[in-house]
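Protein chains: 4
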Amino acid sequence: MALNVTIWNEHRHEKKNETVAAIYPKGIHAAIAEGLDVDAEVTFATLDDEEHGLTDAVLEKTDVLIWWGHVAHNEVKDEIVAKVHQRVLKGMGLIVLHSGHFSKIFKKLMGTSCDLKWREADDKERVWVVNPAHPIAAGLGEYFELPKEEMYGEHFDIPAPDELVFVSWFEGGEVFRSGCCYTRGNGKVFYFRPGHETYPTYYDANVRKVISNAVKWAAPVDRAYPTYGNAKPLEPISEKA
Amino acid sequence: MALNVTIWNEHRHEKKNETVAAIYPKGIHAAIAEGLDVDAEVTFATLDDEEHGLTDAVLEKTDVLIWWGHVAHNEVKDEIVAKVHQRVLKGMGLIVLHSGHFSKIFKKLMGTSCDLKWREADDKERVWVVNPAHPIAAGLGEYFELPKEEMYGEHFDIPAPDELVFVSWFEGGEVFRSGCCYTRGNGKVFYFRPGHETYPTYYDANVRKVISNAVKWAAPVDRAYPTYGNAKPLEPISEKA
Amino acid sequence: MALNVTIWNEHRHEKKNETVAAIYPKGIHAAIAEGLDVDAEVTFATLDDEEHGLTDAVLEKTDVLIWWGHVAHNEVKDEIVAKVHQRVLKGMGLIVLHSGHFSKIFKKLMGTSCDLKWREADDKERVWVVNPAHPIAAGLGEYFELPKEEMYGEHFDIPAPDELVFVSWFEGGEVFRSGCCYTRGNGKVFYFRPGHETYPTYYDANVRKVISNAVKWAAPVDRAYPTYGNAKPLEPISEKA
Amino acid sequence: MALNVTIWNEHRHEKKNETVAAIYPKGIHAAIAEGLDVDAEVTFATLDDEEHGLTDAVLEKTDVLIWWGHVAHNEVKDEIVAKVHQRVLKGMGLIVLHSGHFSKIFKKLMGTSCDLKWREADDKERVWVVNPAHPIAAGLGEYFELPKEEMYGEHFDIPAPDELVFVSWFEGGEVFRSGCCYTRGNGKVFYFRPGHETYPTYYDANVRKVISNAVKWAAPVDRAYPTYGNAKPLEPISEKA
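Chains as they are written, first to last, in this note's numbering: chain A, 35 to 275; chain B, 35 to 275; chain C, 35 to 275; chain D, 35 to 275.
Structure (structure tokens):
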């Protein structure tokens, strides 16, 4: 059965920066969608859409939400973030890309600053698989390279991932936990590092494979949200003095 | 060297409820302090103190903060919560007790609803050690019992603990992850389940041992907060086409 | 595409004990196979088969191996255990049931004693889901009950699971980590507690659902085994003094 | 109270290789001992000692065992490995250094091949702290460098560490999980990558700090070994039909 995948893109760089527009003429979201090798119905949503494109109807039907944002994290309305947060806890998968590490939704789900070191200097990046059994690593070699990328370096202020899938090597001397899996409530969250807007990263075959794998991994499990609150005993409770 | 331990107590039940006042005449915070078997300077802070007792000066010197709250989580000011959050990321230990699972600070650090099942019915609780190598389990037997406690039951909506130390059995048929360790930034967080205000839980020798162990475990590690942001390369970066 | 599932059963109790024979007339392996709701080709293998039924040809084609053993762990030949171990590292999934906690293969993969508390006294068991987002919990309620089972209690001497899915409550006062996920090399391992031979546990709809889910979860990821050993540099290494 | 630390060294390279002898004239074990900044009684044990220096009496009193081996892993007797294994499960800390990744004891505790990529080519190594809250990272900067080391690269075939403290960057393009914490039974295990015999790594101030921190972290927790086996019920068990 087809998954409902919503790709959220800030979509500002593409409109204002010629370099970015040349690489992603239809927007980063379109390039991500083009690369999805998943049986999926794709919906686009961007910052400047009504309710950022994330209406109740869209969120309700979304199985997996992909998130790319960078310069306008603060323009994302808190009430929309709260709704996305609730949907993740109820089971929607969330894939946070690159500079989305500083998005409101990722910081809210992580509980940390999500800060890191960065550098825009055409570093070569080599992404190593450290968990070869993980479904997000399916079909990849032992590593893959991106000839030029923005560097992100440790310390990356995140909770220790439930599962660490990738670690990146950077030409300038840094390392980074590049593929991090989390569970939050009924939902799964995957952070994937690559994807600076001035590079054609989302056309890379390996990057596309990772995102496709991640969508499948993050798809909701078929089960009800737990019941919380006051609970009747399931066994007799003895009288106490 | 003595640790600076601040015990934060909502301190409302003790003033309004005769049962609670009879059990904790000087407040829950005093009973916790009395039970600390740690070389520590203890500071008390309560909701109704100026800035909830958590001034910049108090927070700055605090090595480990213990948190008990229940009926007035919403009265804790967001700006104080933000300061406590920053202090945890900078290295302050945080021990969250019982109904503190629903405190603003715990929810902010966890990123989930922190919801659970509960019942006030004099359940017997048996707290089992599932990680005997953990320093928070030092000096305990294989389990300890609390003759009457409020029940908390799964599902407990928290991120999977970095380390799970205790699992509770309840008379009414439930289980609960009762001792959960987390790292957030430079800081350590421990959630410990027992401690409903209508029971003398904080006089229990095992509960006191756990809290004392947790204070030592959560004490800050001596190191600087990481540097984040734009970073110069540590190695030469080749010219790219 | 159909998975190749091999069900290994010690198959001794069924031959010697009338109670067990009455419950599992065709063997525990047959009852497990009957309950599999997976697109799978099933192969049976038992202790008394040539090479315990685990020839190179069988192991090589097996995607997921299910293991039930109890009284004759020591009769399993070390060379067969070594082969199963290698196959797990190369990617074969392994599901270890109940008393298989003491099998040579599980102990070898865990590195611990895998010891536990036990009792044959018709305890009621209630298996709670503690990770509702996990695919092994798909389709289950918040808990399920087994009216009579052997008790297994903490401390269970295993490495902390990579993912903990179930925790059991027992009538006699114990708790147990009942559903534990591990990764070993390219392979995935799931330990699932229920299944004492004198109870009809493998006819239970929830138990069957868990085993079916686990088979799908443990299926190998499509990728090559990593290359180990002497490695040429991928980047130039500077001359050192 | 002083810890009893036993440093086990294969002690073969120092006797046969002039380069190594020049760097470690008294043996690698002596250099490690010299660098320990811990209140400790140190015992040396080497492969060619009676029972490899690991008699019952020595093992029984040892709080933390440090292990360095390389070319003669196979000469370590299985019965000694079994005793060390039992002592770890009973609470003794174990620190495995560098090529000890292939020691019998480490492989037995991990359950995997513990294989990796390697290269002897004077790579520069930069060890990054990825868990700044961890006591093993106390007193370190954000990273430290070793000007020349043997390279170890991913995939490193170990179970996912319970806590990952360090990730190394290598000049030749690889990354490696260099500081890995595990719990096994009542015991703690730390694997630390650096320390090839042809480099003066164990004189490095940061390396010494890490080993000292690890000894303190791995020291046994004061508690009894759990009781396993047949267990009487702690609560009444109802009659079943």
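Think of the CB as a built atom: it goes at the ideal place given N, C-alpha and C, for glycine as much as any other residue.
Collapsed DSSP secondary structure at residue i in the structure displayed
i, result
"C/Gly87", "helix"
"A/Ala55", "helix"
"A/Arg242", "helix"
"D/Asp156", "strand"
"B/Gly173", "coil"
"C/Phe136", "helix"
"C/Glu48", "helix"
"B/Ala65", "helix"
"A/Glu179", "strand"
"B/Leu37", "strand"
"A/Thr232", "coil"
"A/Arg257", "coil"
"D/Lys60", "coil"
"B/Asp191", "coil"
"B/Ile271", "coil"
"D/Ala106", "coil"
"B/Ala248", "helix"
"C/Ala167", "coil"
"A/Lys95", "helix"
"D/Lys111", "coil"
Beta carbon of residue i nearer than 9 Å to that of residue j
i, j, result
"A/Thr80", "A/Gly61", "yes"
"D/Gly87", "D/Glu44", "no"
"C/His135", "D/Tyr262", "no"
"D/Tyr259", "B/Pro166", "yes"
"C/Ala36", "C/Asp71", "no"
"A/Leu99", "A/Trp42", "yes"
"A/Asp176", "C/Asp196", "Note that residue 176 of chain A is Glu in the sequence shown here, rather than Asp. No, Cβ-Cβ distance for A/Glu176 and C/Asp196 is not below 9 Å."
"B/Leu268", "A/Glu208", "yes"
"A/Lys138", "A/Val115", "yes"
"D/Cys214", "D/Trp251", "no"
"B/Tyr236", "B/Ala65", "yes"
"A/Asp97", "A/Asn38", "yes"
"B/Lys274", "A/Pro181", "yes"
"C/Pro228", "C/Asp238", "yes"
"C/Gly206", "D/Ala91", "no"
"A/Lys49", "A/Glu85", "no"
"B/Thr53", "B/Thr232", "yes"
Sheet register partners of residue i (DSSP bridge)
i, result
"C/Ser202", "C/Val161, C/Phe210"
"C/Cys148", "According to DSSP, C/Cys148 bridges with nothing at all."
"C/Trp42", "C/Ala79, C/Trp101"
"C/Ile129", "C/Ile100, C/Phe224"
"D/Thr217", "D/Lys222"
"A/Gly263", "B/Lys151"
"C/Met185", "C/Arg153"
"A/Glu197", "A/Cys215"
"C/Ala74", "C/Leu37"
Beta-carbon separation (whole angstroms), residue i vs residue j, contact threshold 8 Å
i, j, result
"D/Trp152", "D/Glu184", "6 Å"
"B/Arg218", "A/Pro193", "6 Å"
"A/His132", "A/His230", "6 Å"
"C/Arg257", "C/Gly69", "Wrong, their Cβ atoms sit about 30 Å apart, outside the cutoff."
"C/Leu150", "C/Val118", "About 22 Å; that fails the 8 Å criterion."
"B/Gly187", "A/Gly145", "Actually they do not touch by this definition, with Cβ atoms about 23 Å apart."
"A/Ser147", "A/Asp191", "5 Å"
"A/Leu174", "A/Val164", "In fact, because the Cβ distance is near 12 Å, the residues do not count as touching under 8 Å."
Practice task
Could you say if the stretch 204-222 of chain C and the stretch 127-137 of chain C meet the contact criterion of at least three C-beta pairs nearer than 8 Å?
Solution key: Between the stretch 204-222 of chain C and the stretch 127-137 of chain C, the count of C-beta pairs closer than 8 Å reaches three or more; the two stretches touch.
Practice task
Please determine if the stretch 167-179 of chain A and the stretch 228-248 of chain A are in contact, where contact requires at least 3 C-beta pairs separated by less than 8 Å.
Solution key: Yes, the stretch 167-179 of chain A touches the stretch 228-248 of chain A.
Exercise for the section: For the stretch 146-161 of chain B and the stretch 196-216 of chain B, state whether three or more C-beta atom pairs, one from each stretch, are separated by less than 8 Å. Expected result: Yes: the two stretches touch, three or more of their Cβ pairs being nearer than 8 Å.
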